[in-house]
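Heads up: the protein sequence lines correspond to chains R and H, in order. With full-length UniProt numbering applied, the first sequence has no gaps in its numbers, which climb one by one up to 153 at the end. With full-length UniProt numbering applied, the second sequence has no gaps in its numbers, which climb one by one up to 153 at the end.
2 protein chains.
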Amino acid sequence: MNQLDDALQQADQASTRAGLKLTPKRRHLFSLLLASDTPLSAYELADRFKDSFGQAIPAMSVYRMLDFLTENNLAHKLTSENKFVSCAHSTCNHAHQVPQFLICERCHQVKEVGIKKEVFDALRESVDSAGYSLREAQLELKCLCAACAEATE
Amino acid sequence: MNQLDDALQQADQASTRAGLKLTPKRRHLFSLLLASDTPLSAYELADRFKDSFGQAIPAMSVYRMLDFLTENNLAHKLTSENKFVSCAHSTCNHAHQVPQFLICERCHQVKEVGIKKEVFDALRESVDSAGYSLREAQLELKCLCAACAEATE
DNA sequence: AAGATAAATGATATGATATATCATTAATTA
DNA sequence: TAATTAATGATATATCATATCATTTATCTT
C-alpha cells in the first residue's frame, strides 16, 4: 500500500475514533492535499477536485470542507500564502504541537516541524513580559530548502 | 508638538537621510496608520484617506503606497489579518529587528516587540536542523492584551 | 421501516483583497 | 528645456472568502 493510501487509512481510523465524519468528499479533498507537494488555494483544490473526481464542486463547499479539515487538525491554513496544506501529523499519534512551517520561497514546498519547547517557552515569556497572554501560535517562516539554497548559490 | 507630528517629522528626516521620497500622499497614508490604534486594510485606508484628505484615491494607489511604506520599514503587513500597521520603530533609531506582533484577538490592538535574541537563535537553530535556511521571519501571535484578558475572566 | 431531525452539500450572489496594464502627471536630470 | 524616470490615476479583472437559502444525505426516534 502506498503512502497516500496509508495516510488516508490512518485518517479514517482517527476520524472514526474521534467520531468525525470524514465523508467521501472531505476524504477526497484531503487526499488532494496529501498528494500535493506544495500548498494549494481553495480554488486550486476545486479545480483538482473536478479533474480527479470528475465532479465540479462549488468554492463554498471547498471552504466548508477545508474548515472541517483544519478544525480537526487534518490540515492547516498558511495565512501568509492564503493556501492550505495537510497536517504533517495527521497520520501519526503525535500530540498536536504548535506548528512551525518552513516555507521555501523558491519552490514553495513546505515543511512542518513541531516548535521546540525552548522556542515556545521563550516566545511565551516574551509575550508575557509585554503584558499579553498567548492564545495561539502558528509560525510561518520564509526559508530556502536545502535543494534551492544550493541551486541559488 | 504631538506624538503623531513628531513621528512624521522623524520619518521625514529618516527619509531624507535615506534618499527616499516620502511624497505628500505617502506621508498622509503613513499618518493614517500612525494615528490608528488597530491595523487597517488597504480599503479602510482608502476610505480614511478620502475622509481626512478630501480626495478619493484608487485602491491601486493605496497598495502601491503601502508597498513603499513596507519596503522602507515604515509599515508592516500583518499577513494573518490582511491588514497594515505602522512600524513601531519608524520613529526611533533602533536597528530593524525581526518583528513579533502580539495581536489581541478581542480588541485587535497590536503590539510590535522585537524578537528576543534567544528566540531568534532557537528558531534559526530549529530551521537549520530541518535543513532549511531562514530568509525572513515575522511572527504573528494571537494573544489577549492585559485589558482584554481581565475583561474576559 | 417511516417520519422527524440534523448535518452536509449545492447553488447563487456578493463582498473583500489584490494585481495587471496603460494613461497621465510630476519630479529629476542631461 | 527636452528627455527621462518615478509616481499616481483610471480601469479592469483576478483572487480569496463568506452570506444565505435550497436540496440532499445521514442519523435518530418511534
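From the three backbone atoms N, C-alpha and C, an ideal C-beta is built for every residue, glycine too. Note that the coordinates shown come from a computational prediction; the quantities given were computed from them, not determined experimentally.
Are residue i and residue j touching if we call contact CB-CB under 8 angstroms?
{"i": "H:L141", "j": "H:L78", "result": "no"}
{"i": "H:K116", "j": "R:S61", "result": "no"}
{"i": "R:A59", "j": "R:A75", "result": "no"}
{"i": "R:E112", "j": "R:A88", "result": "yes"}
{"i": "H:R26", "j": "H:L69", "result": "yes"}
{"i": "H:A122", "j": "R:E118", "result": "yes"}
{"i": "H:S41", "j": "H:N82", "result": "yes"}
So the candidates are the options; which of them puts its Cα closest to the Cα of residue i?
{"i": "R:A146", "options": "H:L134, H:C143 and H:D47", "result": "H:L134"}
{"i": "H:Q138", "options": "H:E153, H:G131 and H:F120", "result": "H:F120"}
{"i": "R:R131", "options": "H:R124, H:E150 and H:G131", "result": "Arg is not the amino acid found at residue 131 of chain R; the sequence shown has Gly there. When each option's Cα is compared against that of R:G131, the closest is H:E150."}
{"i": "H:D67", "options": "H:L22, H:F49, H:S80 and H:C104", "result": "H:L22"}
{"i": "R:L114", "options": "R:P99, R:D128 and R:L123", "result": "Position check: residue 114 of chain R holds Gly in this sequence, whereas Leu was assumed. For the residues R:P99, R:D128 and R:L123, the minimum Cα distance to R:G114 belongs to R:P99."}
{"i": "R:V110", "options": "R:P24, R:E44, R:D51 and R:C143", "result": "R:C143"}
{"i": "R:P24", "options": "R:D6, R:T152, R:M65 and R:R124", "result": "R:M65"}
Using only the heavy atoms of the ligand MN, determine whether one of them is closer than 7 angstroms to the beta carbon of residue i.
{"i": "H:S90", "result": "With respect to the ligand MN, the structure offers nothing, as it holds no ligand at all."}
How big is the Cα-Cα spacing for residue i and residue j?
{"i": "R:H108", "j": "H:F53", "result": "41 angstroms"}
{"i": "R:L34", "j": "H:A11", "result": "47 angstroms"}
{"i": "R:S86", "j": "H:N73", "result": "33 angstroms"}
{"i": "H:P39", "j": "R:G19", "result": "39 angstroms"}
{"i": "H:D31", "j": "H:F49", "result": "It should be pointed out that residue 31 of chain H corresponds to Ser in this sequence rather than to Asp. One C-alpha to the other measures close to 10 angstroms."}
{"i": "R:L29", "j": "R:S90", "result": "14 angstroms"}
{"i": "R:C97", "j": "H:D128", "result": "Note on residue identity: the sequence assigns Gln, not Cys, to residue 97 of chain R. Their Cα atoms are separated by approximately 19 angstroms."}
{"i": "H:E136", "j": "H:Q55", "result": "36 angstroms"}
{"i": "R:Q3", "j": "R:A14", "result": "16 angstroms"}
{"i": "R:D6", "j": "H:D51", "result": "58 angstroms"}
{"i": "R:F84", "j": "H:S80", "result": "13 angstroms"}
{"i": "R:M148", "j": "H:I57", "result": "Correcting the residue type first, residue 148 of chain R is Cys in the shown sequence and not Met. Roughly 41 angstroms separates the two Cα atoms."}
{"i": "residue 155 of chain H", "j": "H:E44", "result": "In the structure as shown, chain H begins at 1 and stops at 153. Residue 155 of chain H is therefore absent and cannot be evaluated."}
{"i": "H:E153", "j": "R:E153", "result": "53 angstroms"}
{"i": "H:Y63", "j": "R:Y63", "result": "27 angstroms"}
{"i": "H:R124", "j": "R:R124", "result": "17 angstroms"}
Per DSSP, residue i forms a beta bridge with which residues?
{"i": "H:P24", "result": "According to DSSP, H:P24 bridges with nothing at all."}
{"i": "H:C143", "result": "R:L134 and H:C104"}
{"i": "H:F84", "result": "H:L40 and H:K77"}
{"i": "H:P99", "result": "H:G114"}
| message | Beta carbons nearer than 7 angstroms to chain R: which residues of the segment 123-149 of chain H have them? | response | Answer set for the segment 123-149 of chain H: L123, S126, V127, A130, G131, Y132, S133, L134, R135, E136, A137, L139, L141, K142, C143, L144, C145, A146 and A149.
| request: Would you list, in chain order, the members of the segment 61-94 of chain H that have their beta-carbon closer than 7 angstroms to a beta-carbon of chain R? | output: From the segment 61-94 of chain H, only T79 and S80 have a Cβ closer than 7 angstroms to chain R.
| Short-range partners of chain H found in the segment 93-122 of chain R, where Cβ spacing is below 8 angstroms | From the segment 93-122 of chain R, only Q100, L102, C104, E105, K111, V113, I115, K116, E118, V119 and A122 have a Cβ closer than 8 angstroms to chain H.
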